[in-house]
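Working notes, structure below.
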Amino acid sequence: MAVKLRLSRMGRSHKAFFRLNAIDSRSPRDGSVIEELGFHDPLVKDPSKEFVANLDRCKYWLDHGAIPSARVSSLLKKAGIEHKQLRLPKPGKPKAVPAPEGEKKAEAPAPAVAESAPAQSEAKKEETPSA
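For the sequence shown, this note's numbering begins at 1 and goes up steadily by one.
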């Protein structure tokens with residue numbers, strides 16, 4: 001039986017509340033649960049009360065092959081669990097950060113750009129033989 005650690009949705013419309021469960025991977029999202037491990041309430045302002053879980057039992061399930069969902073992986077990482085089963089995004093290319101207003105490079109004067117264009121066209125004329 002493949003076990004997953006995932007969230008089941010509780011609460012009412014626009015007031016979501018999630019329970020962290022160890023559940024069979026073939027079960028539906030809100031189906032029968034093997035073990036309830038904690039809860040996640042995204043509407044709570046206090047970060048210590050937003051995600052509460054029994055970290056020892058989470059570690060137990062991870063050690064026995066349970067695969068966490070992406071959201072559960074990030075919540076467990078924030079709670080301080082380091083494990084090879086956690087599915088976290090791999091580092092990629094860093095995003096380009098726009099330079100602040102004061103550090104922009106000075107633009108080249110307009111006549112310098114205009115002078116380079118005729119010089120290129122004259123060089124092309126010299127290369128082509130005239131009839």
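All residues carry an ideal CB built from backbone N, CA and C; glycine is no exception.
Predicted, not measured: the structure shown is a model, and the values here were computed from it.
Determine whether the beta carbon atoms of residue 72 and residue 5 lie at a separation below 9 Å. yes
With distances taken from CA atoms, which of 70, 63, 98, 97 is nearest residue 84? 63
Ordered along the chain, which non-local residues of its own chain (more than five positions away) have a Cβ less than 6 Å from that of residue 21? 8, 33, 36
Taking DSSP as the reference, what is the three-state secondary structure of residue 76? helix
Identify whether residue 53 lies in helix, strand or coil by the three-state DSSP scheme. Three-state DSSP puts residue 53 in a strand.
To the nearest angstrom, report how far apart residue 67 and residue 97 are at their CA atoms. 35 Å
Starting from residue 101 and walking both ways along the beta strand (DSSP E), at which residues does that stretch end? No beta strand (DSSP E) holds residue 101; DSSP gives it neither H nor E.
What is the DSSP secondary structure of residue 8, reduced to helix, strand or coil? strand
Over the uninterrupted beta strand (DSSP E) stretch that includes residue 81, give me the two end residues. If you look at residue 81, you'll find it isn't in any beta strand (DSSP E); DSSP assigns it neither H nor E.
Buried or exposed: residue 43, going by 16 or more other Cβ atoms within 10 Å of its Cβ? exposed
Hey, residue 56 and residue 17: beta-carbon distance below 9 Å or not? no
I'd like the list of long-range same chain contacts for residue 2, defined as Cβ closer than 6 Å, with 5 residues on each side in sequence excluded. 25
DSSP three-state label for residue 59, please. helix
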